[in-house]
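Okay, so here's the structure we're looking at.
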Amino acid sequence: MEILAKAAAPSPLLEEGEITEIVGRLSSGRTSLLIRCLRDITARGGIGALIDTHDVFDAASAARGGVDLHRLLWVRCGGRRAVAMRAADLLVRCPGFALIAVDFGEIAPHLTLTGAYRWKLAARRHGVALVVLGARRLAGPGAALAVETVRRELEWTGPPAMPRRLARMAVGMRVLRCRGAALPAGEQVQWLSA
Amino acid sequence: MAERVSRFACLWVPCFVAAAHVRGEPALAERPLIVVTPSRADTQSAPSAPRVSPTLRASGPVREIAERPGGAGALRAWGRSGAISGPPISAVARVLDANAAARERGVRPGMTEAEARARAPELVRRVLVDGHVTAALHALLEAALAVSPRVEDGGLGVVHVDIGGLARLVGDDAAIAERLARHARTVGLPAHVGVAGSRTAARVAAQLGRRVTIVPAGQERATLAVAPLGLLALPEPLAATLAGWGIATLGKLAALPREGLGLRLGAAGLRAHDVACGRDHEPFQAWQPPASWTETQHVEWEIDSLDALAIVLGTVLERLAARLAAVYLSADGLDVELALTSGARHQRAVSLAYPTRDPALMLLVTRLDLESHPPPAAVTTVVVTVHPATAPVIPGVLGEPPAPASRDLATVLARLTALVGANGVGMPVLVDSHRADAVVLEPFRPPTTSAMPTSAVIEAAEGGLVLRRLRPPRVVHVEVLDGRPVRALDRHVVTCAGPWRTSGEWWDTGAWARDEWDVLLSDGWLCRLAHDLLTKSWSLDGVYD
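Going down the list, the protein sequences come from chains A and B.
Counted from 1, the first sequence has number 93 at position 87 by my numbering; the numbering is strictly sequential.
Counted from 1, the second sequence has number 450 at position 449 by my numbering; the numbering is strictly sequential.
If you want it as structure tokens, here you go:
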């Protein structure tokens, strides 16, 4: 997958000092994309933080996906969106983190344009990549990159009438907004194994 | 074979009890200060603020005050009254100690407070706080530890230091003495230093009046000959007898024939003669620092706001930080105990993400904790205990992404803890179990570079499909046909895969057994359903995303 391949190295998806948004419906693969970003950061010795608004982070899945959990700060907000916003505000101002991931889940809070630019300036000052996950876009023009995920296909193993195992899922990614970086137009598809 | 020459230094703090209280309130340094025993009036005015803590009674630092060379007769009687206890609460407050400014005005220990005030009405009075004295004594010992690993508690305001072999490390005797004095000053205690071939001689040399007194090796007796006899803290009857003989200096006592002195004065006389000659009687007893270090601050007023409390906490933490810095240690946790006007005690254990001795950071973390757990009443005494630890040194590696600085990380973790609670922030750690959602949160301590994952591990890990868990799992109604779910969450099941059976702890009370199904619902959700084989109930574990 071209976008993810770029994400592994110096990446437009995880650009320092910029906001990236990942949006999509439930079961579209957006969380898997977020976890992949965390893997890329922690595998290179960087420190990541995940602000988990609704306590949905599955550490076992993340560890299977290659995330070094020892380099991950997990902040559980218990469904309090205002607390998640405040936690993001604190972390984005702490120098030394390579990635701050904010998972707002299905019900996104209201983020003013001023607030988004405040995050952006703080992220730029401290060289942090800020990734926001939600059902819809929040940061507007404050985000340098916005990606939408769509589930395209599912593969099951075993007899078609009585499958035994969920094998993998094809996720399509479409760039909604891209400022300053050359990303391929059109949809890119990535298979994620279960 | 070269003969080892013993060299000892002695740190002596004049007016130690007063100095210990000035250390808690530096503004008192220039004012005439007396430290008095608690009287009944003090007890009635502040019943919730016990000055003499039960834990200190056994150790008896206050009791030693009575046995000091300058102690008054009344205090000696109190100190030797049999039971080991703090100063008795009497009807009349008596002066335990006075600083130099008060002594210039004629105030002496043992006077009643009224007598002292008659001589100097402008006196500032403080009731004895045992915690101040103990903390100051420990601070002095720790300051000496920064120079030599062998230090001895020589009594109130006196620390003996074995400086043998330090010449190549530090320098000559004068350099060692200067370093000791400097370290004592950093913990807030102005100390005099004496260096000699024995502890007794070093102690007398320190009390001669100069800031640093060096006694050349082998010249102890000659150098100390002019010292007044009062420096030896002899028992009253013996001191009176010697005074009657016209013996006023150590030189005169040392010149007396030893056998004759033994015949007339017994063992006490022989001991006094040995001391006058600069000989040590007791073996050196090395002092070991305690596992936790405490500082106390009693306030004369009641603190009912967090801002005011933060100021007091700041001074206490600065003293602790100075003690830690003296021996190059840090604190990895704080125990804060607040004595309240209600008589209760408000205790908080504040953990630090990283060992630190930065007082500003410790204050910030403590303040954030107290903001979320404020004391229920006004505060009269602040006691802070730290657990010393060695701060790990984590060198940066070229090419590695920068990690948060210890101070920044500790600060942000403290703020996050105040925001989401201690159970809401940390590092996820997988538990060695097949039980669903077996994960715990542990304090966040990023590993050093040596613990970085290898490239092979990174390559082996394939980015996969991730589950979004529901915590706790949501109990759902599932319709089953031929052993397979056909309808769940009021939606039609399009496809399902499974079951994947897991079980565990069947040998214990926490037994579990379940079948897991991956289910595609008609609205597009890709879920994981679990059928509990023990309770026969279905639950939604999470949604793949």
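Cβ coordinates follow ideal geometry from the N, Cα and C atoms, glycine included.
Note that the coordinates shown come from a computational prediction; the quantities given were computed from them, not determined experimentally.
- By the Cβ neighbour-count rule, H532 of chain B is buried, with 16 or more other Cβ atoms within 10 Å of its own.
- Not one beta carbon of chain B lies nearer than 9 Å to the beta carbon of G140 of chain A.
- One finds nothing in chain A with a Cβ atom closer than 9 Å to the Cβ of R436 of chain B; even the nearest lies about 10 Å away.
- Out of B:G427, B:P500 and B:V194, the CA that lies nearest to the CA of R211 of chain B is found in B:V194.
- Neighbours of R36 of chain A in chain B, taken as residues at a C-beta separation under 7 Å, are given in chain order as D546.
- Nearest CB-CB separation between W125 of chain A and chain B: not below the 9 Å threshold.
- Distance from the CA of P290 of chain B to the CA of G511 of chain B, rounded to the nearest whole angstrom, comes to 45 Å.
- For I28 of chain A, there is no enclosing alpha helix (DSSP H); the enclosing beta strand (DSSP E) covers residues I25 to G30.
- Within chain B, the C-beta atoms nearer than 9 Å to that of M175 of chain A come from L466, L527 and Y545, in chain order.
- Residue burial annotation: E105 of chain B is exposed, with fewer than 16 other C-beta atoms found within 10 angstroms of its C-beta.
- Taking 9 Å as the CB threshold, M179 of chain A stays off the interface with chain B.
- Taken in chain order, the members of the segment 402-427 of chain B whose beta-carbon sits within less than 9 Å of a beta-carbon on chain A are P402, P403, A404, P405, A406, D409, L410, T412, V413, L414, R416, L417, L420, V421, G422, N424, G425, V426 and G427.
- In this structure, the straight-line span from the alpha carbon of A128 of chain A to that of A332 of chain B is close to 31 Å.
- Interface annotation, A498 of chain B: in contact with chain A, CB-CB separation under 9 Å.
- In the three-state DSSP reduction, F17 of chain B falls in the helix class (H, G or I).
- For F445 of chain B, the nearest CB of chain A lies under 9 Å from its own CB, placing it at the interface with that chain.
- For I41 of chain A, the closest Cβ of chain B is nearer than 9 Å.
- Rounded to whole angstroms, the separation of the alpha carbons of T342 of chain B and D275 of chain B is 52 Å.
- Only residues of its own chain outside the window of five on either side were considered, and among them L341, T342 and S343 have a CB closer than 6 Å to the CB of A378 of chain B, listed in chain order.
- Proximity of the segment 177-187 of chain A to the segment 122-129 of chain B falls short of the contact definition, fewer than three beta-carbon pairs being nearer than 8 Å.
- Closest in C-alpha terms to A423 of chain B, from the list B:D370, B:R8 and B:A30, comes B:D370.
- With respect to the 9 Å criterion, P444 of chain B and S540 of chain B are not classified as neighbours on the basis of their beta carbons.
- Sorting B:L266, B:P360, B:C16 and B:G25 by C-alpha distance to the C-alpha of A102 of chain B places B:C16 at the top.
- Taken atom to atom, the span from the alpha-carbon of I41 of chain A to that of G30 of chain A is near 15 Å.
- In this chain, A390 of chain B is not harboured by any alpha helix (DSSP H); it is covered by the beta strand (DSSP E) spanning V380 to A390.
- In this structure the segment 349-365 of chain B lies against the segment 315-326 of chain B, because at least three pairs of beta carbons, one per stretch, are closer than 8 Å.
- Short of 6 Å from the beta carbon of V384 of chain B, and not among the five residues preceding or following it, lie these beta carbons of its own chain, in chain order: T297 and E338.
- Proximity of A93 of chain A to chain B, defined by a Cβ-Cβ separation below 9 Å, is satisfied.
- In this structure T187 of chain B does not touch A117 of chain B by the C-beta definition: roughly 32 Å separates them, more than the 8 Å allowed.
- The Cβ-Cβ distance between K253 of chain B and A234 of chain B does not fall below 9 Å.
- Secondary structure note for M363 of chain B: its alpha helix (DSSP H) is the uninterrupted segment P360 to S373.
- Beta-carbon to beta-carbon, R77 of chain A and G54 of chain A are separated by about 6 Å, close enough to satisfy the 8 Å threshold.
- At least one beta carbon of chain A lies nearer than 9 Å to the beta carbon of V440 of chain B.
- For R118 of chain B, the enclosing alpha helix (DSSP H) starts and ends at E114 to R120.
- Only residues of its own chain outside the window of five on either side were considered, and among them V487, L522 and S523 have a CB closer than 8 Å to the CB of H493 of chain B, listed in chain order.
- Annotation: H435 of chain B is outside any beta strand (DSSP E) and is labelled neither H nor E by DSSP.
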